Every structure is written in structure tokens, then in C-alpha cells.
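Right, one structure below, let's go through it.
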Amino acid sequence: MELLNRPRRLRGSSVLRKMVRETRMDKSSLVYPMFVMEGTNLKEEIPSMAGQYRYSVDRMEEKLTELLDAGVTSVMLFGIPGEKDEMGSGAFAEDGIVQKGFRKAKEVCPDLYLIGDVCMCEYTSHGHCGILHGQEVDNDRTLEYLARTALSQVQAGADMVAPSDMMDGRVAAIRRKLDENGYVNTPIMSYAVKFASSFYGPFRDAADSAPAFGDRKSYQMDFHNRREALKEAMLDVGEGADILMVKPAMAYGDLIREVKDRTNLPIAAYSVSGEYAMVKTTAKAGFIDETSIMCEMAVSAFRAGTDIYITYFAKELAKCMDEGIIG
Ligand code: PBG
Numbered sequence: 001m002e003l004l005n006r007p008r009r010l011r012g013s014s015v016l017r018k019m020v021r022e023t024r025m026d027k028s029s030l031v032y033p034m035f036v037m038e039g040t041n042l043k044e045e046i047p048s049m050a051g052q053y054r055y056s057v058d059r060m061e062e063k064l065t066e067l068l069d070a071g072v073t074s075v076m077l078f079g080i081p082g083e084k085d086e087m088g089s090g091a092f093a094e095d096g097i098v099q100k101g102f103r104k105a106k107e108v109c110p111d112l113y114l115i116g117d118v119c120m121c122e123y124t125s126h127g128h129c130g131i132l133h134g135q136e137v138d139n140d141r142t143l144e145y146l147a148r149t150a151l152s153q154v155q156a157g158a159d160m161v162a163p164s165d166m167m168d169g170r171v172a173a174i175r176r177k178l179d180e181n182g183y184v185n186t187p188i189m190s191y192a193v194k195f196a197s198s199f200y201g202p203f204r205d206a207a208d209s210a211p212a213f214g215d216r217k218s219y220q221m222d223f224h225n226r227r228e229a230l231k232e233a234m235l236d237v238g239e240g241a242d243i244l245m246v247k248p249a250m251a252y253g254d255l256i257r258e259v260k261d262r263t264n265l266p267i268a269a270y271s272v273s274g275e276y277a278m279v280k281t282t283a284k285a286g287f288i289d290e291t292s293i294m295c296e297m298a299v300s301a302f303r304a305g306t307d308i309y310i311t312y313f314a315k316e317l318a319k320c321m322d323e324g325i326i327g
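To convert, note that position 15 of the sequence shown is 15 in the working numbering; the numbers rise steadily by one, no gaps.
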């Protein structure tokens with residue numbers, strides 16, 4: 001049979017398949033999200049996220065060194081405060097939980113790159129991502145609190161800040177605050193394209209941050225929208241963002257690609273708690289293979305255009321890269 005084009009020719013051996021691979025990854029792209037909590041000598045498993053823990057500050061070192069040993073060089077910290085209040089004042093307190101976490105991480109693992117998630121929802125008694133005016137989140141008033149939160153994290157040792165609140169104008173407000181205080185070279189990774197998503201369910205258990213009333217749909221994006229994702233991305237470019245994030249990752253590959261092609265900033269994708277929990281529970285039930293599904297999800301995010309992949313599987317993925325299972 002005369003057949004000039006035989007795509008199978010390039011699939012004939014493992015060496016050849018690797019030679020022609022289009023998507024290549026590196027451990028330096030991985031970021032591990034980690035939860036720190038008040039208290040001493042605590043390492044508590046998060047019920048909705050098997051294998052993930054909340055650490056008290058004095059127990060962080062074991063996890064941080066484990067990550068570094070695996071070749072994961074960046075961590076994103078989330079704080080779970082002992083007390084919450086209306087204004088979320090724990091978010092920007094000098095001795096707030098995440099600030100203590102940054103100081104500790106810098107002290108015990110100075111080589112680790114530290115990223116701060118900037119938001120109010122873990123710290124407010126009502127669980128919303130900003131300051132309330134009645135039942136509404138007051139956008140403009142929240143900006144000052146977010147900027148203070150970002151500054152306090154950087155002062156405590158964060159190398160980069162990542163606002164996840166979805167208020168309008170927050171990148172500009174944070175940039176201005178950091179610059180006024182001399183932190184002109186501290187990058188901002190904006191959660192630019194963040195959807196109101198049910199994939200965050202397990203995280204809200206982990207951080208005890210579910211809103212006490214209503215939902216986040218008046219600030220996080222409607223997942224039916226594609227053009228609006230570009231609008232958000234372009235606004236953040238204009239406000240001085242250094243890196244743009246799309247979140248969640250798995251169901252949003254189209255937007256990772258779109259934002260990648262239409263901007264010239266590095267793109268981060270956050271494979272969120274619900275993605276993790278789905279893999280863990282389905283694998284535990286014996287219906288899928290955890291490692292291969294985890295790898296396939298990661299490759300799909302990179303293939304879509306991800307430069308920085310934020311994932312609870314960071315250490316396990318690093319191992320798979322070392323072993324050549326993906327790469
Ligand atoms: C804080 C924040 C959330 C996540 C990251 N930062 C929760 C939310 O917006 O409700 C979700 C992360 C995850 O699900 O893994 N606003």
C-alpha cells in the first residue's frame with residue numbers, strides 16, 4: 001500500500017518518542033501550596049485532601065527540606081489564623097500566622113523561593129475575600145487592606161506576592177504600596193483569571209474559609225466566559241502584573257492557551273484542591289492510577305502553555321520527572 005504519511009513511524013520506540021516530544025518540563029516550574037497554622041508541634045492531615053497537612057510553624061522545616069531535597073524550589077504559603085475578625089486583621093498583622101511562616105521558612109530554608117497568597121478570606125469572620133459594606137464586598141476599601149497584606153508578607157520574607165481576591169485594581173494598589181516601601185523588585189503574580197469554581201471546595205475545608213453567607217460570584221469570574229478572561233488578563237498587564245495565573249487548571253486549558261498567546265508574560269496555572277481530591281479519592285477507590293493521571297494532568301497544563309504549575313502534587317511530579325516518567 002502506498003502511504004507516504006505514517007505518523008506511527010515516530011512512535012516506534014521510547015527513545016524516538018522522547019526525541020520528538022513537544023512538551024518538556026522542568027522541576028523549576030513547580031510550586032507547592034502549603035498551609036501553616038497557629039500552635040506548636042502540629043501536623044494535621046486535611047480530611048478533604050488526603051496526604052496534605054496543616055503545619056504549625058515549628059513543624060514546617062521537615063516539609064520544606066523534603067521539598068528542596070526533591071528539587072521543588074518554590075512554595076506558596078497560606079495562613080490559617082487562630083482568630084478571625086470582620087476586617088481580617090490577621091492577614092496584615094506583623095505577627096500574623098503567615099508572616100511567622102515566612103520568617104521561619106527564610107530562616108530554615110533560605111534557598112527556597114517563597115510566594116505569598118494575598119487574600120482576606122482565611123482571616124475574615126464572614127469568609128469573604130474583602131471588607132464588607134452590608135452584604136457586599138467593598139472593592140475600593142478592600143484595596144488598601146490587600147496592599148497592606150502584601151507589604152506585610154514581603155517584610156516578613158515573601159519573595160513574590162500573589163493576589164487571589166479578584167478585586168478590581170488590586171494589582172495597581174499592591175504595586176504602588178510595594179514601590180513606596182522600596183520593594184520595586186518584588187514581583188506580583190496575579191490570579192488574573194480566577195473563576196468562581198466548585199473545584200475550591202476542599203481548600204475551603206482546609207483553610208476554614210467558606211463564606212458564611214452568599215458566594216464569591218460577585219468578584220470571581222463566571223466560568224462561561226472566555227473573552228472576559230482576556231479582559232482580566234490585559235487589565236492586570238496594564239496594572240503592572242509580572243506573571244498571570246489561570247485558576248483552576250484542569251478544566252481551563254483553553255484559557256491557559258488563550259492568555260499565553262495573547263500576552264507576553266509568564267503564565268501560571270493552579271491545579272486546585274478539587275482536582276487533587278478527585279485524583280486521590282478515585283485512585284483510592286481503585287478506579288484510576290494516581291501517578292499516571294497526575295502526570296497526564298500536569299502535561300496537559302504545560303501543553304496548554306503553562307510556565308509555572310502550582311500543585312499539591314509538586315513533590316510527586318518532581319520524582320516522576322527524575323525517573324523520566326514524564327519530562
Ligand atoms: C483564597 C484562595 C483560594 C484558593 C487559593 N487562594 C480559595 C477561594 O478563592 O475560595 C483555592 C485553592 C485551592 O482550591 O486549592 N482566595
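Here a beta-carbon is modelled for each residue, glycine too, at the ideal position from N, C-alpha and C.
Keep in mind that this is a model prediction, so the values were computed, not measured.
Residue i classed as buried or exposed, judged by whether at least 16 other C-beta atoms fall within 10 angstroms
i, result
"A301", "buried"
"Q328", "Residue 328 cannot be examined here, being either before or after the span of the chain that is shown, 1 to 327."
"P81", "buried"
"M1", "exposed"
"H224", "exposed"
"R227", "exposed"
"F78", "buried"
"L10", "exposed"
"D322", "exposed"
"Q153", "buried"
"S126", "Looking at the sequence itself, residue 126 is His, so the reference to Ser does not match. With 16 or more Cβ atoms within 10 Å of its Cβ, H126 is classed as buried."
"F287", "exposed"
"A231", "At residue 231 the sequence reads Lys, which differs from the Ala that was named. Exposed: under 16 other Cβ atoms inside 10 Å."
"D117", "buried"
"G12", "exposed"
"P163", "buried"
"E94", "exposed"
"I325", "exposed"
"L151", "buried"
"R62", "Before going further, note that residue 62 is Glu rather than Arg in the sequence given. The residue in question, E62, is exposed, as its Cβ has fewer than 16 Cβ neighbours within 10 Å."
"R17", "exposed"
"E258", "buried"
"L255", "buried"
Any non-hydrogen atom of the ligand PBG within 6 Å of residue i CB
i, result
"S152", "no"
"S121", "The sequence as given places Cys at residue 121; Ser does not occur at that position. True, at least one ligand heavy atom lies under 6 Å from that Cβ."
"D117", "yes"
"F35", "no"
"C320", "no"
"V272", "yes"
"S218", "no"
"Y55", "no"
"Y309", "no"
"Y252", "no"
"C295", "no"
"C129", "yes"
"S164", "yes"
"Y113", "no"
"F203", "yes"
"Y334", "Outside the displayed range of the chain (1 to 327) lies residue 334, so it cannot be described from this structure."
Supposed contact pair residue j and residue i - C-beta distance, whole angstroms, cut 8 Å
i, j, result
"K104", "M60", "6 Å"
"L114", "G157", "6 Å"
- Message: With a threshold of 8 Å, are at least 3 pairs of Cβ atoms found where one atom belongs to the segment 290-298 and the other to the segment 144-158?
- Response: no
- Query: Within the chosen definition, does the segment 211-218 reach the segment 235-244 through at least 3 CB pairs nearer than 8 Å?
  - Reply: Three or more beta-carbon pairs separated by less than 8 Å are not found between the segment 211-218 and the segment 235-244, which leaves the two stretches without contact.
- Item | Segments of 3+ residues assigned as beta strand (DSSP E) that fall wholly inside the segment 48-85 | 53-56, 74-80
- Does the segment 28-45 come within contact of the segment 65-83, defined as at least 3 CB pairs closer than 8 Å? yes
- Do the segment 273-288 and the segment 218-233 make contact, defined as three or more Cβ pairs closer than 8 Å? no
- Can you check the segment 180-209 for any alpha helix (DSSP H) of at least 4 residues that lies completely inside it and give the ranges in chain order? 201-207
- Message: Measuring CB atoms only, is the segment 183-198 touching the segment 33-50, in the sense that at least three cross pairs come out at less than 8 Å?
- Response: no
- Is the segment 37-44 touching the segment 11-27 in the sense that three or more CB pairs, one from each, lie closer than 8 Å? Judged by Cβ distances under 8 Å, the segment 11-27 makes no contact with the segment 37-44, as fewer than three pairs qualify.
- Task: Go through the segment 131-175 residue by residue and report every complete run of the beta strand (DSSP E) that reaches 3 residues or more, in order.
- Result: 160-163
- Message: For a minimum of 3 consecutive residues, which ranges assigned as the beta strand (DSSP E) are wholly contained in the segment 200-267?
- Response: 243-247
- Count the C-beta pairs between the segment 44-62 and the segment 262-279 that are closer than 8 Å, then say yes if the count reaches three, no if not. By the Cβ test, the segment 44-62 is in contact with the segment 262-279, since at least three Cβ pairs between them sit closer than 8 Å.
- Query: Quick one: any contact between the segment 190-201 and the segment 99-110, if contact means 3 or more CB pairs under 8 Å?
  - Reply: no
- Contact between the segment 124-139 and the segment 173-184 (3+ Cβ pairs under 8 Å): no
- Item | 4 or more residues per run - each alpha helix (DSSP H) lying fully within the segment 271-315 | 273-284, 290-304
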